[in-house]
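Chains A and B, in that order, are what the protein sequence lines are. Counting in the numbering used here, the first sequence runs from 114 upward without gaps. Counting in the numbering used here, the second sequence runs from 81 upward without gaps.
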Amino acid sequence: MIQFNNTYFIYDEKPLISGFSVNIARGEKVVIYGPSGSGKSTLVHAILGFVQAEQGEIIVNNLPISPDSINEIRQLTSWLPQDISLPYNSVRDMILAPFEFKANHSRKPSDQEILAEFDKLKLEHNLLEKGITEISGGQKQRILLLTTVLLRKPILLLDEPTSALDAQSVDLVINYLKSLTDTTIIAISHDEKFINAFDRKLLIGQF
Amino acid sequence: MDISFTSLLWGFLLIIIPTYFLHHYRTGLVKDTLIAALRMTAQLFLIGFYLKYMFDLNLWWLNVLWVIIMAGVASQTIIKRTNLSLRQMFVPITIALICSVAIIDIYFMGLIVRQDNLFETRYFIPISGMILGNMLSANVIAMNTYYGVLRRERTNYLFRLANGASAHEARSPFMRDALIKSFNPTIASMAVMGLIALPGTMTGQILGGSDPDVAIKYQIMLMISIFASSLISVLLTLALTHHKIFNKYEMPI
């Protein structure tokens with residue numbers, strides 16, 4: 114599903130990642146970990162075409178990443194960045210915002226579908242009617258996570274999806290992600306529990 | 081009635097009051113104010129002098145050249161005030177301004193004033209100048225908002241792009257912000273025009289001896305033209321500068 118073939122990345126004119134190769138199969142769950150600044154986010158950003166490899170090739174769903182293929186590739190992904198503040202007033206608006214995009218129209222979830230995901234992450238139903246300022250950081254992180262899951266894309270890219278969660282919620286998120294059997298997941302994490310829960314671990318840089 | 085040079089000097093003394101307060105509150109704007117006032121005076125006298133000859137000559141190509149030069153200067157000012165690269169942006173912004181002026185000029189001169197000669201100096205130069213002046217402020221606000229918000233909310237833009245938005249869809253909230261910020265002042269001033277504000281052109285025409293009825297009609301048409309041309313120019317400027325700001329992967333450079 115996703116291949117990095119001998120890729121090199123540069124940051125601030127210095128080599129960041131050299132000769133990185135990996136082959137990730139459909140439905141595989143991969144966690145990327147390593148020290149800060151080692152280039153973990155760069156790898157995820159490279160899949161999305163936000164940064165380009167200086168050398169080597171990245172192939173997503175048999176499509177080498179290029180200006181011509183990037184739109185098609187971005188239709189296969191959903192991405193949860195580490196830190197994001199979205200300009201919406203209510204939880205419902207925040208969840209439904211990506212479904213306003215033409216390509217996602219047909220996947221727009223009903224309240225019932227949204228609340229079913231709420232249940233899986235132990236979020237109370239009344240949160241759906243709340244304002245963004247009324248919910249906690251942990252609740253917001255889980256809601257954004259389920260929003261990216263509701264997009265039902267084959268590739269889910271997550272940057273520190275449990276950074277604002279307590280230990281109990283981390284377990285919930287792990288089980289939630291593992292239940293998405295068909296989805297290829299690449300998650301960046303510093304959380305030991307989260308890292309250990311994944312079958313495949315990629316260490317980037319050295320501790 | 082003409083204003084004598086002595087009266088003009090008396091008028092200039094009025095600037096002492098704002099300058100005093102700007103100095104008192106240590107705004108650092110005194111020098112800029114005085115330079116701006118002197119520049120304005122020199123430029124307007126120069127234009128007045130130049131326009132007299134332009135009116136006498138009434139040459140279409142000279143008028144067009146004049147408007148192109150004005151668009152170039154406006155483009156330079158927009159780029160300077162938005163901290164963009166002059167080398168990259170000068171040509172696309174100048175083209176956007178010239179196209180917008182051309183569209184509105186042709187419409188205004190051909191359909192409203194109904195001049196046989198679309199380039200009649202007496203109309204073409206002042207109307208183009210007025211339109212360009214307003215385009216300038218609309219573009220400065222729009223470009224600053226658009227590219228400024230895009231810089232500040234980069235993650236939000238990327239979030240949209242990575243989650244299924246087309247480039248156009250991903251950029252649309254920034255475009256909306258730019259249009260709101262840029263056109264709110266014009267809409268507000270249109271709404272109160274004549275009630276709490278007498279517009280400069282109209283006042284100028286009336287002071288210059290025109291019939292208020294005629295002055296009002298010109299003012300209405302000018303306001304509409306200014307609004308339409310500013311909006312067209314903002315859309316064109318943003319469209320023509322996109323490829324300089326975004327790479328082939330739709331990433332802000």
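Glycine included, every Cβ here is placed at the ideal spot set by N, Cα and C.
Annotation: the continuous alpha helix (DSSP H) that includes alanine 242 of chain B extends over 234 to 242. The C-beta of glutamate 249 of chain B comes closer than 8 angstroms to at least one C-beta of chain A. Remark: three or more beta-carbon pairs, one from each stretch, lie closer than 8 angstroms, so the stretch 150 to 157 of chain A and the stretch 127 to 136 of chain A are flagged as touching. Following the DSSP letters along the chain, one finds lysine 261 of chain B inside the alpha helix (DSSP H) bounded by residues 247 to 272. For a Cβ distance threshold of 8 angstroms, nothing in chain A lies close to phenylalanine 254 of chain B: the least Cβ distance comes to about 11 angstroms. The beta carbon of valine 220 of chain B is closer than 8 angstroms to those of Thr157, Ile158, Arg161 and Thr162 in its chain, skipping five residues each way along the sequence. In the DSSP assignment, valine 144 of chain B falls outside any beta strand (DSSP E) and within the unbroken alpha helix (DSSP H) covering 140 to 161.
Distance from the CA atom of leucine 94 of chain B to the CA atom of leucine 88 of chain B, rounded to whole angstroms, is 10 angstroms. Neighbours of threonine 225 of chain B in chain A, taken as residues whose beta carbon is under 7 angstroms from its own, are absent, since the nearest beta carbon is some 14 angstroms off.
Contact with chain B is found for arginine 187 of chain A, since one of that chain's Cβ atoms lies less than 8 angstroms from the residue's Cβ. Secondary structure at phenylalanine 163 of chain A: coil, using DSSP grouped into helix, strand and coil. Contact fails between the stretch 245 to 257 of chain B and the stretch 177 to 190 of chain B, because fewer than three Cβ pairs, one in each stretch, are under 8 angstroms apart.
Annotation: lysine 111 of chain B to isoleucine 312 of chain B spans about 35 angstroms, alpha carbon to alpha carbon.
For glutamate 230 of chain A, there is no enclosing beta strand (DSSP E); the enclosing alpha helix (DSSP H) has its first and last residue at 224 to 233.
Here DSSP, grouped into helix, strand and coil, assigns arginine 187 of chain A to helix. Per DSSP, reduced to three states, the secondary structure at leucine 166 of chain B is helical. Under the 8 angstroms criterion on CB atoms, tyrosine 329 of chain B is classed as interfacial with respect to chain A.
Residues Phe117, Asn118 and Asn119 of the same chain have their beta carbon placed closer than 6 angstroms to that of serine 134 of chain A, with the five preceding and five following residues left out of the count.
For leucine 238 of chain B, the nearest beta carbon of chain A is closer than 8 angstroms to its own beta carbon. Apart from sequence neighbours up to five positions away, the residues of its chain that approach lysine 314 of chain A with a beta-carbon distance below 7 angstroms are Val144, Tyr146 and Ile308, ordered along the chain.
By the criterion of a C-beta distance shorter than 6 angstroms, threonine 317 of chain B is surrounded in its chain by Ile173, Ala176 and Asn219, once the five residues flanking it on both sides are discounted.
If you draw a straight line from the Cα of glycine 91 of chain B to the Cα of alanine 117 of chain B, it comes to about 12 angstroms. Per the DSSP secondary-structure output, glutamate 170 of chain A pairs in a beta bridge with A:Asn118. Contact annotation: in the stretch 276 to 295 of chain B, no residue has its CB less than 7 angstroms from a CB in chain A. The three-state secondary structure of alanine 138 of chain A, taken from DSSP, is coil.
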